[in-house]
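From first to last, the protein sequence lines stand for chains A and B. Here this note's numbering is used: the first residue of the first sequence is 3, the next is one more, and so on. Here this note's numbering is used: the first residue of the second sequence is 3, the next is one more, and so on. Report on the structure given below.
There are 2 protein chains.
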Amino acid sequence: MATISDISRKTGYSIMTVSRVINNSKNVSEKARKSIAKAVKDLNYTPNAAARRLVKQKSQTIGLIITYEQIFSSYYFLTIMKGIEEKLEKTDYNLIMYASNSPNVASESKLLNLINQKFIDGFLVIAPSKDEFFMKTLHTNKIPTVIIGASYPFFNCVDVDNNKATFLAIEYLIKKGHKSIGLIRGTKNRYDAIEREKAFTECLEKHGLEINRMWFIDGHFEYRQAHLNTLKLIDEGTLPTALFAANDLMAIGSIDALHSRSIKIPGDISIIGFDDIDLAKLIQPPLTTVKQPLYNMGEAAASRIVELVETGSKKTVSQTIRMDTEIVERESVRKL
Amino acid sequence: MATISDISRKTGYSIMTVSRVINNSKNVSEKARKSIAKAVKDLNYTPNAAARRLVKQKSQTIGLIITYEQIFSSYYFLTIMKGIEEKLEKTDYNLIMYASNSPNVASESKLLNLINQKFIDGFLVIAPSKDEFFMKTLHTNKIPTVIIGASYPFFNCVDVDNNKATFLAIEYLIKKGHKSIGLIRGTKNRYDAIEREKAFTECLEKHGLEINRMWFIDGHFEYRQAHLNTLKLIDEGTLPTALFAANDLMAIGSIDALHSRSIKIPGDISIIGFDDIDLAKLIQPPLTTVKQPLYNMGEAAASRIVELVETGSKKTVSQTIRMDTEIVERESVRKL
DNA sequence: TAAAAATGTGTTACCGTTAACATAGGGAGT
DNA sequence: ACTCCCTATGTTAACGGTAACACATTTTTA
């Protein structure tokens with residue numbers, strides 16, 4: 003592989019001038035710039051990352067921590083990831099994924115080593131659950147970190163206002179004339195699930211509607227659990243006229259279950275989701291849902307972590323960026 | 003962060019002796035070793051990865067490429083990954099995950115840069131599909147690579163014998179007295195799916211049993227597709243007495259569908275899976291399946307890639323390691 | 001007991017890049 | 001014409017480690 007000296011030798015310029023061209027510094031003549039650029043191309047040169055890291059004392063790479071549960075509810079996570087990747091692509095930063103829960107990733111010492119060895123400069127964490135042990139490590143060691151999809155105290159976060167978004171969904175249903183509304187809830191130890199469930203009951207209370215615990219379906223943010231437990235409700239209980247699912251995957255699981263029992267959507271029951279994953283518009287009927295700008299959240303988080311890393315996280319005050327949500331009206335909710 | 007010179011200064015030994023202790027070289031006195039080891043601990047020293055990479059011209063890291071489909075069929079992939087991680091943990095190598103299909107990962111140039119910049123030393127790829135574009139790049143550039151869960155020509159692979167494993171499953175069903183057997187097939191462009199389907203028809207032919215195309219259910223290796231399409235078969239067709247699913251996730255999707263139509267397993271229909279994922283033993287009835295030693299496959303692949311990277315892949319001849327499979331008898335198949 | 005080998009330790013150069021400083025030449029201002 | 005400053009370029013010294021070699025000192029071998 004070609005090095006900076008090869009370019010230097012080939013063009014007759016010193017390595018420093020070559021370095022300047024590569025780094026787009028100024029004070030380089032147009033002539034030098036051209037000649038060196040050509041040589042870079044001809045020799046197919048790319049800067050040696052290790053050498054750069056060594057001298058810069060920075061790795062120019064961001065670690066993305068995901069937990070196993072995320073991998074399961076994959077659309078959600080993939081969309082965010084895409085936003086992160088494409089934003090980072092425009093900067094000088096690389097991305098490394100770490101799957102946590104596996105015994106040897108994200109352990110306290112591992113995490114610190116990554117930072118200390120200048121292996122990575124900062125972390126992005128997608129929707130950690132409430133009691134995630136490594137979050138404490140991240141916090142006490144002041145490691146540059148941005149969280150996506152959860153509003154963790156003391157951290158930089160990119161999140162939606164779950165309360166507001168849930169009110170949006172429920173009041174939409176109410177406006178459509180629904181008075182009996184059920185909830186398909188997410189994983190119990192996740193912030194988003196907790197906040198949405200809380201907002202759900204608050205909203206119903208506020209509008210003086212009955213809160214019927216029978217209509218709380220455990221979905222764990224998963225397709226299968228939502229499906230199975232919806233079936234159970236159908237077979238053993240009575241149905242509300244509308245259902246609010248804390249994510250789209252569960253909404254879809256529920257819809258499939260309803261269909262398999264010949265229950266029409268939205269004819270017999272309406273359903274609204276949360277997220278607006280790709281699948282939402284592809285299923286029958288297309289799913290009405292609360293859109294989270296997942297892709298943009300990924301982008302925003304990427305920008306923020308780069309900012310933190312560049313300015314030094316110690317100097318900046320933690321802040322949480324709240325993204326807007328909106329109802330995407332499709333065909334799974336009908337007016338009563 | 004402490005460096006090797008800090009240790010040197012603190013202990014009075016030269017940096018070279020310190021380096022020797024850190025790398026467990028011999029020709030170091032017990033006294034020096036102890037004194038330095040203590041200082042290492044006291045100063046919480048860890049070697050700077052960038053400096054090492056620079057001088058060694060190696061990154062000591064392996065890239066794991068997974069495609070988005072893998073993320074979906076997550077148990078399979080996670081088990082393999084765990085094997086990889088835990089094996090690599092015992093060596094001096096790090097692991098970086100790359101999710102392909104995202105536009106900016108695994109593109110030709112990106113892949114080459116990773117290698118050229120000494121950012122990673124070699125790749126591990128989990129079950130790439132037949133026409134995966136980056137496999138060509140990997141091959142033509144002679145990049146150290148090991149494939150898991152597919153037998154790609156010209157590559158180092160760790161795989162099972164899908165033909166043999168499928169025969170095992172089908173002949174098990176036949177031995178139990180089944181004569182009408184259906185297939186839940188996987189994603190069409192994946193080697194494992196293709197091989198298992200081929201073996202399925204061959205085995206039926208060999209035993210003079212009818213091959214009924216109506217009983218071929220498309221499952222795409224996914225829970226939901228298998229579920230939906232099983233429902234379709236139940237509602238619109240007749241059922242065989244047994245079903246062979248090309249992976250467990252589909253078997254489970256199918257079982258859930260059957261159950262929701264009050265069809266008893268194994269009473270009314272038997273079903274056998276493939277993989278032996280964790281969920282297999284947890285569902286009702288516990289799933290009889292062909293066990294793939296996924297964890298061990300991950301381990302074996304990790305060992306192999308390290309071997310390739312250390313000895314230089316040019317010198318070694320490609321080989322595919324075949325792991326054994328076995329039937330795990332549980333309760334989803336009954337004797338007719 | 002002298003020569004050879006093994007052991008423990010240090011010195012130096014280098015990996016590829018960038019930061020900081022140095023220098024030479026050309027224009028502008030007075 | 002003389003200083004002053006800007007522009008383009010080069011030189012040197014790091015960054016933190018390892019390899020190769022050198023050199024005592026001790027141990028083994030003949």
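For glycine and all other residues, C-beta sits at the position ideal for the given N, C-alpha and C. Remember, predicted model here, so these are calculated numbers, not experimental data.
Residue span of the alpha helix (DSSP H) that contains residue i, given as start and end
i         : result
Met216(B) : Element bounds for Met216(B): n/a, residue is neither H nor E.
Val148(A) : Segment 147-150 is the beta strand (DSSP E) holding Val148(A); no alpha helix (DSSP H) there.
Asp277(B) : Premise fails: Asp277(B) lies in the beta strand (DSSP E), 272-277, not in any alpha helix (DSSP H).
Leu233(B) : 225-238
Val308(B) : 296-313
Lys283(A) : 281-284
Ser256(B) : 250-262
Terminal residues of the beta strand (DSSP E) in which residue i lies
i         : result
Leu66(B)  : 63-68
Met325(A) : 322-325
Glu212(B) : Neither: Glu212(B) is in no beta strand (DSSP E) and is coded neither H nor E.
Val335(A) : Run containing Val335(A): none; DSSP gives neither H nor E here.
Gly184(A) : 183-187
Thr5(B)   : Taken as a continuous stretch (DSSP letters only), Thr5(B) belongs to no beta strand (DSSP E), as it is neither H nor E.
Ala247(B) : 244-247
Thr291(A) : 290-293
Separation of residue j from residue i, as counted between CA atoms
i         : j         : result
Asn46(B)  : Tyr47(A)  : 37 Å
Ala253(B) : Glu328(B) : 17 Å
Ser320(A) : Phe157(A) : 6 Å
Leu114(B) : Ser31(A)  : 31 Å
Met278(B) : Pro288(A) : Checking the sequence, you will find Asp at residue 278(B) rather than Met. If you take the alpha carbons of Asp278(B) and Pro288(A), they lie about 35 Å apart.
Ser111(B) : Pro130(A) : 33 Å
Val107(B) : Tyr100(B) : Only weak support is given to the placement of Val107(B): the predicted model assigns it a pLDDT of 49, under 50, and the question is left unresolved by the model.
Asp163(A) : Asn118(A) : 35 Å
Val311(A) : Thr63(A)  : 10 Å
Arg332(B) : Glu309(A) : 54 Å
Met3(A)   : Leu116(B) : 12 Å
Ala52(B)  : Tyr193(A) : 37 Å
Asn298(B) : Asp44(B)  : 38 Å
Ile68(A)  : Phe136(A) : 12 Å
Asn249(A) : Arg35(B)  : 57 Å
Leu233(B) : Ile186(A) : 23 Å
Thr5(B)   : Lys89(B)  : 28 Å
Leu206(B) : Ile172(B) : 8 Å
Arg54(A)  : Lys28(A)  : 19 Å
Ala152(B) : Ile128(B) : 8 Å
Lys178(A) : Lys58(A)  : 59 Å
Ile9(A)   : Lys33(A)  : 15 Å
Glu204(A) : Lys293(B) : 49 Å
Leu140(B) : Asp258(A) : 41 Å
Pro105(B) : Lys92(A)  : Low confidence applies here, because Pro105(B) scores a pLDDT of 42, under 50, leaving its location unreliable; read the following figure in that light. C-alpha separation (whole angstroms): 13 Å.
Residue burial classification, residue i (beta-carbon count within 10 angstroms, cutoff 16)
i         : result
Gln286(A) : exposed
Phe125(A) : buried
Arg11(A)  : exposed
Lys208(B) : exposed
Pro155(A) : exposed
Glu238(A) : exposed
Ser272(A) : buried
Glu212(A) : exposed
Gly14(B)  : exposed
Ser16(B)  : exposed
Leu284(B) : exposed
Gly255(A) : buried
Gly275(B) : buried
Closer than 8 Å: residue i CB and nearest the ligand ADP heavy atom
i         : result
Leu170(A) : Among the components of this structure there are no ligands whatsoever, and the ligand ADP is therefore not found.
Is there contact between the segment 292-307 of chain B and the segment 131-149 of chain B, where contact requires at least three CB pairs shorter than 8 Å?
yes
Given 8 Å, three or more beta-carbon pairs between the segment 252-264 of chain B and the segment 226-237 of chain A:
yes
So, does the segment 76-83 of chain A touch the segment 19-29 of chain A, judging by three or more C-beta pairs under 8 Å?
no
In chain order, which continuous runs of the beta strand (DSSP E) of length 3 or greater are located wholly inside the segment 120-167 of chain B?
124-128, 147-150, 158-162
Contact between the segment 157-168 of chain B and the segment 190-198 of chain B (3+ Cβ pairs under 8 Å):
yes
Taking the runs of the alpha helix (DSSP H) that are 4 residues or longer, which of them lie wholly in the segment 19-98 of chain A?
32-44, 51-58, 70-74, 76-91
Is the number of C-beta pairs between the segment 217-224 of chain A and the segment 215-227 of chain B that are closer than 8 Å three or more?
no
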